[in-house]
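**Student:** Chains L and U, in that order, are what the protein sequence lines are. Following UniProt numbering, the numbering of the first sequence begins with 1 at its first residue and continues without gaps. Following UniProt numbering, the numbering of the second sequence begins with 1 at its first residue and continues without gaps. Yeah, the Cβ is synthetic: ideal placement off N, Cα and C, and Gly gets one too.
Protein chains: 2
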Amino acid sequence: MEIASGPSSRRHSGRLPHIHKVERPPKQNLLRDIQDSLKETFFSDEPLRPYKDQPGPRKFLLFLQHFFPILEWGRTYNLSKFKGDLIAGLTIASLCVPQDIAYAKLANLEPQYGLYSSFVPPLIYAFMGSSRDIAIGPVAVVSLLLGTLLQNEIPDSQANKLAYRRLAFTATFFAGITQFALGFFRLGFLIDFLSHAAIVGFMAGAAVTIALQQLKGLLGIKNFTKKTDIVSVMRSVWSAAHHGWNWQTMVIGLSFLAFLLFTKYIGKKNKKFFWVAAIAPLSSVVIATFFVGITHAEKQGVSIVRHIDRGINPSSFHEIHWTGEFLLKGLRIGVVAGMVALTEAVAIGRTFAAMKDYQLDGNKEMVALGSMNIVGSMTSCYVATGSFSRSAVNFMAGCKTAVSNIVMSCVVLLTLVLITPLFKYTPNAVLASIIIAAVVGLVDIGAVILLWKIDKFDFVACMGAFFGVIFKSVEIGLLIAVAISFAKILLQVTRPRTALLGKLPGTNVYRNVEQYSNATTVPGILIIRVDSAIYFSNSNYIKERILRWLGNEEEEAKKLNQSGIQFIVIEMSPVTDIDTSGIHSFEELHKTLQNRELQLVLANPAPIVIEKLYESKFVNLIGEDNIFLSVADAVTTLTPKTQEPA
Amino acid sequence: MEIASGPSSRRHSGRLPHIHKVERPPKQNLLRDIQDSLKETFFSDEPLRPYKDQPGPRKFLLFLQHFFPILEWGRTYNLSKFKGDLIAGLTIASLCVPQDIAYAKLANLEPQYGLYSSFVPPLIYAFMGSSRDIAIGPVAVVSLLLGTLLQNEIPDSQANKLAYRRLAFTATFFAGITQFALGFFRLGFLIDFLSHAAIVGFMAGAAVTIALQQLKGLLGIKNFTKKTDIVSVMRSVWSAAHHGWNWQTMVIGLSFLAFLLFTKYIGKKNKKFFWVAAIAPLSSVVIATFFVGITHAEKQGVSIVRHIDRGINPSSFHEIHWTGEFLLKGLRIGVVAGMVALTEAVAIGRTFAAMKDYQLDGNKEMVALGSMNIVGSMTSCYVATGSFSRSAVNFMAGCKTAVSNIVMSCVVLLTLVLITPLFKYTPNAVLASIIIAAVVGLVDIGAVILLWKIDKFDFVACMGAFFGVIFKSVEIGLLIAVAISFAKILLQVTRPRTALLGKLPGTNVYRNVEQYSNATTVPGILIIRVDSAIYFSNSNYIKERILRWLGNEEEEAKKLNQSGIQFIVIEMSPVTDIDTSGIHSFEELHKTLQNRELQLVLANPAPIVIEKLYESKFVNLIGEDNIFLSVADAVTTLTPKTQEPA
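1) Of all Cβ atoms in chain L, is any one closer than 9 angstroms to the Cβ of Ser391 of chain U?
2) Drop a sphere of 10 angstroms on the beta-carbon of Asn270 of chain U, count the other beta-carbons inside from all chains shown, and report buried for 16 or more, exposed for fewer.
3) Whose C-alpha, out of U:Leu613, U:Leu145, U:Gly244, is nearest the C-alpha of Tyr454 of chain L?
4) Using a Cβ-Cβ cut-off of 9 angstroms, state whether His196 of chain U counts as contacting chain L.
5) Look at the alpha carbon of Asn78 of chain U and the alpha carbon of Ile480 of chain L, and state the distance between them as a whole number of angstroms.
6) Give the DSSP bridge partners of Leu369 of chain L, in chain order.
7) How about Asp579 of chain L and Ser532 of chain U: are their beta carbons less than 9 angstroms apart?
8) By DSSP, does Tyr510 of chain L sit in helix, in strand, or in coil?
9) Is it right to say Arg49 of chain U is buried, meaning 16 or more other beta carbons lie within 10 angstroms of its own, or is it exposed?
10) Can you grab the Cα-Cα spacing for the pair Ile230 of chain L / Phe291 of chain L, in whole Å?
11) So what does DSSP say about Val443 of chain L, is it helix, strand or coil?
12) Mind checking who Gly502 of chain U pairs with in its DSSP beta bridge?
13) Could you tell me whether any Cβ in chain L is nearer than 9 angstroms to the Cβ of Ile69 of chain U?
14) What's the C-alpha gap between Leu62 of chain L and Gln54 of chain L?
15) Please state if the CB of Met366 of chain U and the CB of Phe180 of chain U are separated by a distance shorter than 9 angstroms.
16) Have a look at the DSSP bridge pairing and note the partners of Ile525 of chain L.
17) Taking a contact to mean a Cβ-Cβ separation below 9 angstroms, would you say Asn373 of chain L touches Pro121 of chain L in this structure?
18) Residues in the same chain with beta-carbon distance under 6 angstroms from Ala634 of chain L, minus the five sequence neighbours each way, listed in chain order, please.
19) Taking only the alpha-carbon atoms, compute the straight-line gap between Ser387 of chain U and Thr209 of chain L and give it to the nearest angstrom.
20) Residues of chain U with CB closer than 8 angstroms to the CB of Tyr535 of chain L, please, in chain order.
21) Note down the Cα distance separating Ser433 of chain U from Val233 of chain U, rounded to an integer number of angstroms.
22) Would you please verify whether the beta carbon of Ser118 of chain L is less than 9 angstroms from any beta carbon of chain U?
23) Any beta carbon from chain L within less than 9 angstroms of Asn512 of chain U's own beta carbon?
24) Do three or more CB pairs link the stretch 321 to 341 of chain L to the stretch 168 to 178 of chain L at distances below 8 angstroms?
25) Quick check on DSSP: helix, strand or coil for Ser9 of chain L?
26) Name the chain L residues that come within less than 8 angstroms of Ile454 of chain U, Cβ to Cβ?
27) Determine the contact status of residue 664 of chain L and Ile525 of chain L, defining contact as a CB-CB distance below 9 angstroms.
28) When the cut-off is 9 angstroms and only beta carbons count, does Met355 of chain U lie next to chain L?
29) Which residues in the same chain have their Cβ closer than 7 angstroms to the Cβ of Leu260 of chain U, if we skip the five residues on either side of it in sequence?
30) Taking its Cβ as the centre, do 16 or more other Cβ atoms sit within 10 Å of Asn595 of chain U, making it buried, or is it exposed?
31) Please state the DSSP three-state secondary structure of Leu589 of chain U.
32) Can you tell me which of the three DSSP states Ile578 of chain U falls into?
33) Could you check whether the Cβ of Glu40 of chain U sits closer than 9 angstroms to any Cβ belonging to chain L?
34) Residues of chain L with CB under 8 angstroms from Lys591 of chain U, in chain order?
35) Just curious, the beta strand (DSSP E) that Leu602 of chain U is in, first and last residue?
36) Just curious, the alpha helix (DSSP H) that Pro57 of chain L is in, first and last residue?
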């Protein structure tokens, strides 16, 4: 309710209160105007602000700190923080080693490439990244996406190992370039175009697809489809049912799956026991490997890892395609994989930053992620990003800074140098069960229910992405997700809401009559609120919608034998901008109303709108007197005219 | 200014006024909800409204009238209306005959096809269309576009006349299908996505391109480039300068061009003489033809029309490609040409409808235009649509109904049957000068200046389309126009405006402090208005922008030694909708503010927003007490707390 003490007396004395006119904002020159709008688009976070009024050397230090945040937080680093980081780092290392080996298989790469990708990228990130909680490394969804896209180009990854790997590094390089460029050119806002709803659906679909792929390892099937859609996979599974399933493999796989899901459940039930879930995968690998090693179950058809290259990352600089058609293919795959990886990492970073209340600079973050993948592509790593599950464990284990990533990286280094031969007897079934247990968390039923409750359109987008992924492929799902996200934006700007306003009794506040049942319309005056910027995409609709409101109300008035409408007041508060098409429509509306002897009145136009209305001479057309500061103001001024006989 | 009489006393008595709570709108069931939103998207004009409460036979009549508006207005047609239509029809006929012959050349078709397209389509339109002023027939821009697109597929239109023509009819058929389908499925709003600014630029670019093409005919150049970009054309013209220009042709062309431009100027200067400009083209043709006929200037190298088939439209049903790859090519070309033709026709229709104050049903109009092109494609016509210049002449000549199109159609019929042989000696130079004089009007300098003044982004879109057309090709220009239009929409939803609000002295109205210089902020309370629906594309930006406002204000407060901010009031009036991402961001914002011991307060959320805030339990999170009906309400309630020591 808006109330005033002063002017109420003035109105009753018969004087029409016009203390405040709608002001035109101070005129800015063009250059300033363009500058401001560019700044708000690309530099909305004012990155140069800390540099202001600083001496030269200090500026250089700030500049270095901008790209290497470790220089900033490193100076206040102490032993107590290190304790937290050490424990968190060891915990996520125990989680990441088995996951790395498993995820590399999702990307159709040999297991050591997963480990490589958990060694170099986290190190780079620790120096350049600004998130304190994110855990870097290969993740399930990106591995699957990369594997699918690469396989489209090189169908037989086993027969063409080198060619496949080279394309993978090329794609990783361009994924890094994409991420770096988006951050460097401050285009980070582009990833906001993938809506939350679409991501939820895409992730769930990817999780189901990944889990289905694991049926191969879990059931010990030899001839498995290369396709990822649910129909092909289930057909593969059934056709192998009679002789293709290996019961020893199934026993191993299903029992460890049950164990992992159980520990996950315990960890979820009681947050104190999160470490049980965290070390379960490594324990499973150790137990299963030991078991297979002594029973030699591999001779019964249980498929095992067999071999992981020992030693740290070899250089892969010369394996990247710097020319030729594979450069372009790598570029295309890299852009897609890079964007998806970025979306995941930024979402994780933001979530944890909000939890601990620190600011995360999205563009800086992208530069860090891009750099780590560029370096990674030259050191035999494939696309790494922030992992949902490992970041959550990192957070719960009490990490303080990115040092936990360094600790994890060191453990992976030791693993690579010392113990890779021990993974020889690790059964693939246990890796499959680790993957399934990991991706279960990506299906967020709660979020889907919330989408359904809050926004049906979001729900449709979510389901579209989900079914696109499981029935077709990850790319199609992604495409559907992006398309639906865009459709939503377009629909929003094409069919904006309008509302009929009425006066709340005892106040001078005008509100939507559909929301406030006791709001009453003013006889002779039609008050309509337009709830959107008026642009070419909706200007015509808005014009016709206003005329439709008018038609309805005139019909209503005729039925009730009331006097007809004489004024149309457009409440412009929500109209944040108007373009030439919008002004055109207003001119047409004014002409139409004039023909019917109705007056168009505007209330509370925004600064930019009033400026444009003046520039286009529309103000002269309807008369400056017909623009009011508020609806209340307009109604008090207009009412007398309708009551007088004139 | 919003003022109240009643409650002001209540406030001073110390009671916090809470007469009106923010109400949740009455709950609608899901089906109803979806129905409403579908209805608003596709049936916003309530097409079924007139059918309500009507008896059966009347319903059928209304249904017929819906598709054939002539049944409605025909019943009140009388002689005085016919007089107007007759004069207007004869005037536009005199204008269209020479234009038809000239435009057919733009589309690389033989001259009679231009005349055919001015015979059948206007007849069909007269029965089905609802615009009273539009003049139907071939137009310059669509002819050029069609010519370019067809030539991309069949480069040598002279050597492959039949193949070229068949593809032209196929494209025309699909242009009609596209138009019909858009109207029938009520997707007409899709053409609104081509912004006014983009159309202005595209039209101007097309006009320049068309004029440049006419240099061939005007200068009598034999070897002319097939490309349409300005660089190729000018190179063609210069390289032909020494021996390729024909002076006799130039004399004819330039003198008639001067004559036509002069009459055009007279017609514009004094509206009474519009008919001078209208009959000038036909007079030019008659004079030039007569002159060439007696001097036999064609023997001096003056190129002439030579031959136009006599007789009415032959059937072309069997020339349309119903199968094969040309079907797909025709489909692609048809969709583009159909959309551009539609945009032009609908823009014309709307302009004149607003002038004479009648409603134009966009979807019905599209069905009419589509039908006429479908029938046209089977009767040797190429894509016809509404012509800007001829419709204006039609309007000024006093047309009353679509009967003027029937009159024009009859004149074209007589031309086809009787006098086509007389066009034998018509020099191409005079046709070129007619085209140039016609397209000059498409360059709307005034509109461009207005764009520059009102909206810089629109100006850039306009220039992009313009330069795209003249330096590259019509398709590229069109693509740029569409791309920039979309970019504008996306930018609008990614970077919405926010404003800091202050109180206008002597009122309880809160307005943007940048617009109203005397608005003052309230100490301890930060009031921010968010000027857009909060969607995934901007939710993160809005959150960060609010935190930035907070940072700035806290700095300011520290400098002035004021007490810090305790409340953040978000004025939600312009926030017309919120989605799950938006609620997410609000939750994060709330968490961040909570960490800093600040309270988040919302003012005046819209019905749909409050509903979603309840559904998502966000209301519970910040407390129902922190949602107010208006900013004024919030400030009066919150202020006491900040003053008390607690």
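**Tutor:** Quick look at the numbers:
1) Numbered from its first residue, the second sequence carries residue 391 of chain U at position 391. It does not; no Cβ of chain L falls within 9 angstroms.
2) On the second sequence, position 270 is the one that residue 270 of chain U refers to. Exposed.
3) The residue labelled residue 454 of chain L in the question sits at position 454 within the first sequence. It should be pointed out that residue 454 of chain L corresponds to Ile in this sequence rather than to Tyr. The shortest C-alpha separation from Ile454 of chain L is found at U:Leu613.
4) If you number the second sequence from 1, residue 196 of chain U lands on position 196. Answer yes: the Cβ-Cβ gap between His196 of chain U and chain L drops below 9 angstroms somewhere.
5) Here residue 78 of chain U refers to the residue found at position 78 when the second sequence is read from its first residue. Here residue 480 of chain L refers to the residue found at position 480 when the first sequence is read from its first residue. Their Cα atoms are separated by approximately 56 angstroms.
6) Mapped onto the first sequence, residue 369 of chain L falls at position 369. Leu369 of chain L is not bridged to any residue.
7) Taking the first sequence and counting its residues from 1, the one referred to as residue 579 of chain L is at position 579. Taking the second sequence and counting its residues from 1, the one referred to as residue 532 of chain U is at position 532. No, the pair does not count as a contact, with Cβ atoms beyond the cut-off.
8) Translated into positions along the first sequence, residue 510 of chain L becomes position 510. If DSSP states are grouped into helix, strand and coil, Tyr510 of chain L belongs with the strands.
9) By one-based count along the second sequence, residue 49 of chain U stands at place 49. Looking at its Cβ environment, which holds fewer than 16 other Cβ atoms inside 10 Å, Arg49 of chain U is exposed.
10) Taking the first residue of the first sequence as 1, we reach residue 230 of chain L at position 230. Taking the first residue of the first sequence as 1, we reach residue 291 of chain L at position 291. Ile230 of chain L and Phe291 of chain L: Cα-Cα distance of roughly 33 angstroms.
11) Walking along the first sequence from the start, residue 443 of chain L turns up at place 443. Of the three classes helix, strand and coil, the one that applies to Val443 of chain L here is coil, per DSSP.
12) To locate residue 502 of chain U, count along the second sequence from 1; it is residue 502. Paired residues: U:Arg511.
13) The sequence position of residue 69 of chain U within the second sequence is 69, counting from 1. Here residue 69 of chain U turns out to be Pro, not Ile, going by the sequence shown. Not closer than 9 angstroms to any Cβ of chain L, the Cβ of Pro69 of chain U fails to qualify, so no.
14) Within the first sequence, the letter at position 62 stands for residue 62 of chain L. Within the first sequence, the letter at position 54 stands for residue 54 of chain L. Approximately 9 angstroms, taken between the alpha carbons.
15) As a position in the second sequence, residue 180 of chain U is number 180, starting the count at 1. As a position in the second sequence, residue 366 of chain U is number 366, starting the count at 1. Result yes, Cβ atoms of Phe180 of chain U and Met366 of chain U sit closer than 9 angstroms.
16) In the first sequence, residue 525 of chain L corresponds to position 525, counting from 1. Ile525 of chain L is bridged to L:Phe567.
17) The residue given as residue 373 of chain L occupies position 373 in the first sequence. The residue given as residue 121 of chain L occupies position 121 in the first sequence. Yes. Within cutoff.
18) The residue you call residue 634 of chain L lines up with position 634 of the first sequence. Here the set comprises Val569, Val601, Ala603, Phe628.
19) For the purposes of this step, residue 387 of chain U is taken as residue 387 along the second sequence, with counting starting at 1. For the purposes of this step, residue 209 of chain L is taken as residue 209 along the first sequence, with counting starting at 1. Their Cα atoms are separated by approximately 55 angstroms.
20) Within the first sequence, the letter at position 535 stands for residue 535 of chain L. Per Cβ cutoff of 8 angstroms: Ser195, Lys488, Ile489, Gln492.
21) Start at 1 with the first residue of the second sequence, and residue 433 of chain U comes out as number 433. Start at 1 with the first residue of the second sequence, and residue 233 of chain U comes out as number 233. One C-alpha to the other measures close to 17 angstroms.
22) Taking the first sequence and counting its residues from 1, one reaches residue 118 of chain L at position 118. It does not: the Cβ of Ser118 of chain L has no partner Cβ on chain U nearer than 9 angstroms.
23) What you label residue 512 of chain U is simply residue 512 of the second sequence in a count that begins at 1. Cβ-Cβ to chain L under 9 angstroms: yes for Asn512 of chain U.
24) yes
25) By one-based count along the first sequence, residue 9 of chain L stands at place 9. Caution is warranted here: a pLDDT of 34 is assigned to Ser9 of chain L, below 50, making its placement in the model unreliable, and no coordinate value can be reported.
26) Taking the second sequence and counting its residues from 1, the one referred to as residue 454 of chain U is at position 454. Near Ile454 of chain U (Cβ distances below 8 angstroms), the residues of chain L are Asp579, Thr580, Ile583, Lys612, Glu615, Ser616.
27) The first residue shown for chain L is 1 and the last is 646, placing residue 664 of chain L beyond what the model contains.
28) Numbered from its first residue, the second sequence carries residue 355 of chain U at position 355. Answer yes: the Cβ-Cβ gap between Met355 of chain U and chain L drops below 9 angstroms somewhere.
29) Looking up residue 260 of chain U in the second sequence gives position 260. Ala280, Pro281, Ser284, Ser433, Ile434, Ala437.
30) Position 595 of the second sequence holds residue 595 of chain U. Flag for Asn595 of chain U reads exposed.
31) Mapped onto the second sequence, residue 589 of chain U falls at position 589. Leu589 of chain U falls in the helix class under three-state DSSP.
32) Looking up residue 578 of chain U in the second sequence gives position 578. In this structure, Ile578 of chain U counts as strand in the three-state DSSP scheme.
33) Translated into the one-based positions of the second sequence, residue 40 of chain U becomes position 40. By this cut-off, Glu40 of chain U is an interface position.
34) For this step, residue 591 of chain U is matched to residue 591 along the second sequence. The answer, in chain order, is Ala354, Met355, Asp357.
35) As a first step, residue 602 of chain U must be located in the second sequence, where it is residue number 602. Unbroken beta strand (DSSP E) run through Leu602 of chain U: 599 to 603.
36) Here residue 57 of chain L is taken as the residue at index 57 of the first sequence, counted from 1. Note, Pro57 of chain L: alpha helix (DSSP H), 56 to 67.
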